[in-house]
Amino acid sequence: MTALAYRAKRLPGWAMLLGWALLVLLPIYLLLVSCFKTTQQIYAHPLTPPGSWSLANFRHAWAQADFARYFVNSLVVSVGAVLITITVCLLAAYPLSRYRLWWGNALLGVFLVGIMVPARLASVEMFNLLKSLGLLDSRLGLVLVFTAMRIPFGMLIFANFMRVIPRELEEAARMDGAAEWRVLFRVILPQMRPAVGVVAVFTGIAVWNDFYFPLLFTFDEGKKTLPLAIAGFVGQYNTDWGMLFAGLAMSMIPLVFLYLAASRQVQQAMGEGAVR
């Protein structure tokens, strides 16, 4: 096969990828250029760049919506949910994956059911549970709710990833006198970095962008999260779209840094999953 024929054969695939890239980049482009426009400019010229690159929309969004307070609330809830989810899944997946337990597969099946059943079906029960525990209208209550929602996904990733780690590594550590906690954190955990990156990224994105549960479980303005603040930009009769897009752009910054920090682990996990 000549080089020309080889390139012609790959042309449909490249064309499909290019079309998909354009579909993904177009909303991002509209978001970025709209951050620097007024509402009238957005309606009149939605695709053209702004005439002047003013940061007025960002300043107004930060000041008018008390952006810093909502940002801190979202950061606390997201980081707390990610850390607790990773810790719980690591401690639970270790015995289920590394020991021969007759009930291990059945318990993993229970976690899989947690992925298939929508968590919103249990909204009333979770509301009553948080109320009885005194955790309603608190950031800790949101952290525990999001952790419970993300544990099934984390268990699926951790348990399957942990099962393919060679057992010779932990057997050698035990022969050297290492305790179980040292085997887990010094031998197993370093091999789990790709899985930890995947769980951290998907959990962080899901918690950061969630609108439903903060709306349902928080009432105090000082404890609400960023999606609720951005929703407040939408008025019944009038909406400042420039300020709304500026708020959305600022809310995306932590997610971009999260992905950049864990991108290598995510790519490694995808590559190893394809090989396995």
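In this text, residue positions in the sequence shown follow the numbering used here: the first is 62, and each later residue adds one.
Glycine is no exception: its CB is placed at the ideal position from the N, C-alpha and C atoms.
Please read all numbers here as calculations on a predicted model, not as lab measurements.
- Judged by pairs of C-beta atoms under 8 Å, the stretch 169-186 does not touch the stretch 107-125, as fewer than three such pairs exist.
- DSSP, reduced to helix, strand and coil, places V317 within a helical segment of the structure shown.
- The C-beta of T148 has fewer than 16 other C-beta atoms within 10 Å across all chains shown, which makes the residue exposed.
- Of the residues V138, W123, L277, G283, the one whose Cα lies closest to the Cα of L201 is V138.
- Rounded to the nearest whole angstrom, the C-alpha separation of W81 and G283 is 40 Å.
- A residue is called buried when at least 16 other Cβ atoms come within 10 angstroms of its Cβ; E232 does not meet this threshold and is exposed.
- Burial is judged here by how many other beta carbons sit within 10 angstroms of a residue's own beta carbon; F97 has at least 16 and is buried.
- Here H106 is actually not in contact with M304; their C-beta atoms are around 18 Å apart, not less than 8 Å.
- For the stretch 67-124, the full-length alpha helix (DSSP H) segments reaching 4 residues or more read 100-105 along the chain.
- Taken through DSSP and simplified to helix, strand or coil, T208 comes out as helix.
- Pairing T264 with V140 gives a Cβ-Cβ distance that is not under 7 Å.
- DSSP, read as helix, strand or coil, puts T264 in helix.
- In this structure W302 is in contact with T100, their Cβ atoms being roughly 5 Å apart against a cut-off of 8 Å.
- According to DSSP, V295 shares a beta bridge with T300.
- In this structure the stretch 317-330 touches the stretch 247-265; the number of beta carbon pairs closer than 8 Å is three or more.
- Boundaries of the alpha helix (DSSP H) around A234: 228-236.
- Ranking W123, K192, F128, D198 by CA distance to the CA of T279 puts D198 first.
- For a cut-off of 8 Å, the C-beta gap from M216 to F172 is around 4 Å, short enough to register as a contact.
- When only Cα atoms are considered, A167 and I226 end up about 21 Å apart.
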